[in-house]
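Contents: one structure, followed by commentary.
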Amino acid sequence: YFLTIPDLLNYWLTGIIKNEYSIATTTQLYNPIERDWSTKIMNKLGLKREIFGEIIMPGTKIGKLLPAIAQEIGVNSEVVVVAPACHDTGSAVAAVPVEDDTNYAYISSGTWSLLGIETPEQIINEMSFKYNFTNEGSANGGFRFLKNIIGFWIIQECKKYWDENVKSYSYDELTEIALKYGPANFRIDPDDLRFLRPGLIDDNMPDRIKACCQETGQKVPETPAEIVRGVIESLADKYTKTIKMIEEITNRTINEIYIIGGGCRNGLLCQIVANATDLSVFAGPVEAAAIGNLMVQAKSMGQIKSIAEGRKIIRKSFDIKKYLPEE
239 YFLTIPDLLN YWLTGIIKNE YSIATTTQLY NPIERDWSTK IMNKLGLKRE IFGEIIMPGT
299 KIGKLLPAIA QEIGVNSEVV VVAPACHDTG SAVAAVPVED DTNYAYISSG TWSLLGIETP
359 EQIINEMSFK YNFTNEGSAN GGFRFLKNII GFWIIQECKK YWDENVKSYS YDELTEIALK
419 YGPANFRIDP DDLRFLRPGL IDDNMPDRIK ACCQETGQKV PETPAEIVRG VIESLADKYT
479 KTIKMIEEIT NRTINEIYII GGGCRNGLLC QIVANATDLS VFAGPVEAAA IGNLMVQAKS
539 MGQIKSIAEG RKIIRKSFDI KKYLPEE
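Counting from 239, one number per residue, gives the positions in the sequence shown under the numbering used here.
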């Protein structure tokens, strides 16, 4: 049988084979138009259709815990296993704390940045192909129309080099010195392939950034403060361009941005994104994937009526910071 890792975990817990929708849509084996497995792709790859199971929606009660598992972990064997949005970003986006149906974009921010919107139907056209967007399943059975962008990976790799060769910094310290430095004098494309590889001693991330600036005729940054500030501003520029792409593809105007995940703790990033996009930015919750998972389970078990209701609860339960554009 074909099982993704979360599907395999659900099988080990229940003994029942199912394929959850949000993770199935990311396999490249799903047809978003027919909303089923793509037999055409399977045939091209020589895969047998019978190894692929039924696709279930987030919130489906898969079954009860296997008695041996229940005994091992010390819980009642009547405990029901519910499929959340098994793709972590699918669960994270379910926790976006919107209060109404305003046209908003979300950024699931961490090592990567997943920037997009939620739509009831897939968006597949020449522009979405040109701009390299994807349609991934959402917790409500629709789609997360999004673009994958590098996130804090570049700063993480810079920090690794500095910690070992210059000075050990905390992320808060890096943010603080970048804030004090002020606007940077360079920009990079965070998605440049040179920044994807892990840094090495003789091929480290700070040196790659410097080489990129030298090649493009920009001022070469020297200090950690300058580099971090420039990377954050470059990310904000990339987000701004991506939002404009979404507006062009969908013919809708984005009014607000919600940053969720670990990156929302970086107040400098949130403020610079607000400034760059000229939009209000709402930051939080940090543990969005876990919270969205719980919310889908709560809906399945009748504790809440809808994801919209759950999002209002999240808005009231967590410290959601608002950043307004500044001059």
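By construction, the Cβ of each residue, glycine as well, lies at the ideal position given by its N, Cα and C atoms.
| query | Nearest-angstrom Cα distance between alanine 474 and arginine 273? | reply | Looking up residue 474 in the sequence shown gives position 236. Looking up residue 273 in the sequence shown gives position 35. Taking the CA atoms as reference points, alanine 474 sits about 34 Å from arginine 273.
| field | Element boundaries [beta strand (DSSP E), containing asparagine 373] | value | Taking the sequence shown and counting its residues from 1, the one referred to as residue 373 is at position 135. Taken as a continuous stretch (DSSP letters only), the beta strand (DSSP E) holding asparagine 373 covers 372–375.
| said: Less than 7 Å between the C-beta atoms of alanine 343 and isoleucine 495, yes or no? | reply: Within the sequence shown, residue 343 is the residue found at index 105, counting from 1. Within the sequence shown, residue 495 is the residue found at index 257, counting from 1. In this structure, alanine 343 lies near isoleucine 495, with their beta-carbon atoms less than 7 Å apart.
| alpha helix (DSSP H) segment containing threonine 252, residue limits | The count along the sequence shown starts at 1 and reaches residue 252 at position 14. For threonine 252, the uninterrupted alpha helix (DSSP H) run begins and ends at 243–252, by DSSP.
| said: Quick check on asparagine 281: does DSSP put it in helix, strand or coil? | reply: Numbered from 1 along the sequence shown, position 43 holds the residue referred to as residue 281. In the structure shown, asparagine 281 sits in a helix (DSSP, three-state: H, G or I).
| If you follow the beta strand (DSSP E) that valine 320 is part of, which residue opens it and which one closes it? | Stepping through the sequence shown from its first residue, residue 320 is reached at position 82. That run of the beta strand (DSSP E) goes 318–320.
| said: Given this structure, state the Cα-to-Cα distance separating proline 421 from glycine 540, to the nearest angstrom. | reply: Counting from one through the sequence shown, the residue named residue 421 turns up at place 183. Counting from one through the sequence shown, the residue named residue 540 turns up at place 302. C-alpha of proline 421 to C-alpha of glycine 540: approximately 50 Å in a straight line.
| task | Would you check if there are 3 or more beta carbon pairs closer than 8 Å linking the segment 249–259 to the segment 285–294? | result | With the cut-off at 8 Å, the segment 249–259 and the segment 285–294 touch.
| request: Using the Cα positions of alanine 377 and lysine 559, report the straight-line distance between them to the nearest angstrom. | output: Within the sequence shown, numbered from 1, the residue matching residue 377 stands at position 139. Within the sequence shown, numbered from 1, the residue matching residue 559 stands at position 321. Roughly 24 Å between the two C-alpha positions.
| field | Reduced DSSP category for glutamate 258 - H, G, I as helix; E, B as strand; rest coil | value | Counting from 1 along the sequence shown, the entry for residue 258 is found at position 20. When DSSP states are grouped into helix, strand and coil, glutamate 258 belongs to the strand group.
| task | Inspect the beta-carbon positions of isoleucine 481 and isoleucine 492 and report whether they are closer than 7 Å. | result | As a first step, residue 481 must be located in the sequence shown, where it is residue number 243. As a first step, residue 492 must be located in the sequence shown, where it is residue number 254. It is a contact, given that the beta carbons lie within the stated cut-off.
| request: In angstroms with no decimal places, state the Cα-to-Cα distance between lysine 554 and alanine 330. | output: In the sequence shown, residue 554 corresponds to position 316, counting from 1. In the sequence shown, residue 330 corresponds to position 92, counting from 1. Lysine 554 and alanine 330 have their C-alpha atoms spaced approximately 17 Å apart.
| Which term fits valine 458, buried or exposed, when burial requires 16 or more other beta carbons within 10 angstroms of its beta carbon? | For the purposes of this step, residue 458 is taken as the residue at position 220 of the sequence shown. Valine 458 is classed as exposed because its beta carbon has fewer than 16 other beta carbons within 10 Å across all chains shown.
| query | Per DSSP, what kind of secondary structure is aspartate 274 in: helix, strand or coil? | reply | Position 36 of the sequence shown, counted from the first residue, corresponds to residue 274. Strand.
| field | Through-space distance from threonine 327 to leucine 412, alpha-carbon basis | value | Residue 412 sits at position 174 when you count from the first residue of the sequence shown. Residue 327 sits at position 89 when you count from the first residue of the sequence shown. Looking at the two C-alpha atoms, the distance is approximately 26 Å.
| query | Smallest Cα separation from serine 351: which of Pro322, Gly500, Met533? | reply | Counting from 1 along the sequence shown, the entry for residue 351 is found at position 113. That would be Gly500, whose Cα lies nearest to the Cα of serine 351.
| request: Answer yes if the segment 421–430 comes into contact with the segment 533–547, meaning at least three C-beta pairs across the two stretches below 8 Å, and no otherwise. | output: At 8 Å Cβ cutoff, the stretches do not touch.
| Would the C-beta of lysine 405 count as close to the ligand NAD, meaning under 6 Å from any of its heavy atoms? | Inclusion of the ligand NAD in the displayed structure is not the case, the ligand content being empty and no account of it being possible.
| Where threonine 454 falls, given that 16 or more other Cβ within 10 Å makes a residue buried | Taking the sequence shown and counting its residues from 1, one reaches residue 454 at position 216. The residue is exposed, with fewer than 16 neighbouring Cβ atoms inside 10 Å.
| What are the boundary residues of the beta strand (DSSP E) that includes phenylalanine 367? | Here residue 367 is taken as the residue at index 129 of the sequence shown, counted from 1. Element bounds for phenylalanine 367: not the beta strand (DSSP E) but the alpha helix (DSSP H), 364–368.
| query | Out of Cys502, Gln452, Ser315, which has the shortest C-alpha to C-alpha gap to serine 347? | reply | For this step, residue 347 is matched to residue 109 along the sequence shown. Selected option, being the one with the closest Cα: Cys502.
| task | Spatial neighbours of cysteine 450 within its chain, please: CB distance less than 6 Å, with the 5 preceding and 5 following residues excluded, ordered by chain position. | result | Counting from 1 along the sequence shown, the entry for residue 450 is found at position 212. Sequence-distant partners of cysteine 450 (beyond 5 residues in either direction) whose C-beta falls short of 6 Å from its own C-beta, in its chain, are Ile426.
| query | Anyone know if the C-beta pair for threonine 357 and glycine 389 falls short of 7 Å? | reply | Stepping through the sequence shown from its first residue, residue 357 is reached at position 119. Stepping through the sequence shown from its first residue, residue 389 is reached at position 151. The criterion of a C-beta distance shorter than 7 Å is not satisfied by threonine 357 and glycine 389.
| Do threonine 252 and isoleucine 300 have their C-beta atoms closer together than 7 Å? | The residue you call residue 252 lines up with position 14 of the sequence shown. The residue you call residue 300 lines up with position 62 of the sequence shown. The Cβ atoms of threonine 252 and isoleucine 300 lie closer than 7 Å to each other.
| said: Residues in the same chain with beta-carbon distance under 6 Å from glutamine 456, minus the five sequence neighbours each way, listed in chain order, please. | reply: One-based indexing of the sequence shown puts residue 456 at position 218. Setting aside the 5 residues that flank it on each side, glutamine 456 is surrounded in the same chain by Phe424, each with a C-beta closer than 6 Å to its C-beta; the list follows chain order.
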